[in-house]
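Under the working numbering, think of the first position of the sequence shown as 1258, with each following residue one higher.
The C-beta atom is built at its ideal place from N, Cα and C for all residues, glycine as well.
Here the structure is a predicted model, which is why all the values come from computation and not from measurement.
Comments concern the structure below.
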Amino acid sequence: MKKLAVLVSGGGSNLQSIIDETKNGILKDIAEVVIVISNNPLAYGLKRAENSNIKAVALDYKNMERKDYDAKMYNLIRESEVDLICLAGYLKKIPEKIVSEYKSRILNIHPALLPKFGGKGMYGHFVHEAVVKAKEKKSGATVHFADENYDTGSIIIQKEVPVYETDSADDVAKRVLVVEHEIFPKAIKKVIENLK
Ligand code: GRF
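So this is what it looks like as structure tokens:
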């Protein structure tokens, strides 16, 4: 059974799909979420963890020195002896020490078809607004290995959704979120199957 740490900044619907798949789905008897960490003490994702009796830790990013934040994050991850780190709507950069020690074991979900519509400032709703503004015919979601940059790192899984001329950014966001919840657990399973 592989141990997962999940990092969240907001509502945690991707976290919930991972938890659900570990209980009754494709990750059952394969992986368990052992810790959920957030940079935002008000993140509903922490509540979802508590509801599933999973250790939930808030690190108050806004009121901490960056080096203390990174050190606490590193120690929590090390102490939890996790095999994989999943960035599920986590909006902060991962400390370099974690990136180097967990190379090819940090997975990030991005609500677009990378490499398009990725990078600094391209997160959440900004992505879908840019997709609609660019009159794209399709969008989708990407799970990739996270590295020291935003939204680079090799792609593990992608899935497309159509974008219609009449779509608002909200319409696209809703359609992409359904796909996110499907491909993140699949990507975790794929990586675990390839872990030495
Ligand atoms: C998702 O589209 C995710 O890709 C983005 O924020 C949205 C909400 O994620 N970063 P969640 O509900 O917090 O998992």
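Could you check if residue i is buried or exposed, using at least 16 other CB atoms within 10 Å of its CB as the buried criterion?
i	result
Pro1419	exposed
Arg1305	buried
Gly1346	buried
Met1330	buried
Asp1325	exposed
Asp1317	exposed
Thr1423	exposed
Asn1405	What sits at residue 1405 in the sequence shown is Glu, not Asn. Glu1405 is exposed by the Cβ-count criterion.
Glu1382	Here residue 1382 is His; the residue named in the question, Glu, does not match the sequence. When all chains shown are included, His1382 counts as exposed.
Leu1452	exposed
Pro1298	exposed
Asn1437	First, the amino acid is wrong: residue 1437 is Glu here, not Asn. Classification for Glu1437: buried.
Asn1308	exposed
Asn1320	exposed
Measure the alpha-carbon distance for residue i versus residue j and round it to whole angstroms.
i	j	result
Glu1358	Ile1413	19 Å
Leu1333	Arg1323	15 Å
Leu1434	Val1339	26 Å
Ser1411	Ile1440	15 Å
Ile1287	Arg1362	16 Å
Val1356	Gly1282	29 Å
Met1379	Ser1425	17 Å
Lys1280	Val1448	18 Å
Leu1341	Glu1278	16 Å
Lys1360	Glu1336	18 Å
Lys1443	Ile1276	13 Å
Glu1450	His1401	16 Å
His1367	Ala1313	23 Å
Ala1387	Asp1427	12 Å
Lys1394	Ala1328	43 Å
Using a Cβ-based criterion (distance less than 6 Å to any ligand heavy atom), does residue i qualify as near the ligand GRF?
i	result
Ala1345	yes
Ser1295	no
Ile1342	no
Asn1332	no
Pro1442	no
Ser1270	yes
Ile1363	no
Ile1366	yes
Gly1397	no
Gly1375	no
Gly1267	yes
Gly1381	yes
Whose C-alpha, out of the options, is nearest the C-alpha of residue i?
i	options	result
Asp1408	His1438, Ala1313, Lys1349, Ala1391	Lys1349
Lys1392	Asn1451, Lys1285, Glu1353, Tyr1421	Tyr1421
Leu1370	Leu1284, Lys1319, Val1384	Val1384
Lys1373	Ile1351, Leu1364, Ser1396	Ser1396
Asn1271	Glu1417, Asn1451, Ile1445, Leu1452	Ile1445
Ser1266	Pro1352, Ser1295, Val1291, Lys1260	Ser1295
Leu1261	Val1290, Gly1268, Ser1274, Gly1269	Val1290
Ala1398	Arg1432, Glu1386, Lys1319	Arg1432
Ala1300	Lys1377, Leu1284, Gln1273	Gln1273
Can you check the region 1319 to 1382 for any alpha helix (DSSP H) of at least 4 residues that lies completely inside it and give the ranges in chain order?
1323 to 1336, 1353 to 1358
Ranges of the beta strand (DSSP E) found wholly within the region 1376 to 1437, counting only runs of at least 3
1395 to 1402, 1412 to 1419
Alpha helix (DSSP H) runs contained entirely in the region 1271 to 1312, provided each spans 4 or more residues:
1301 to 1308
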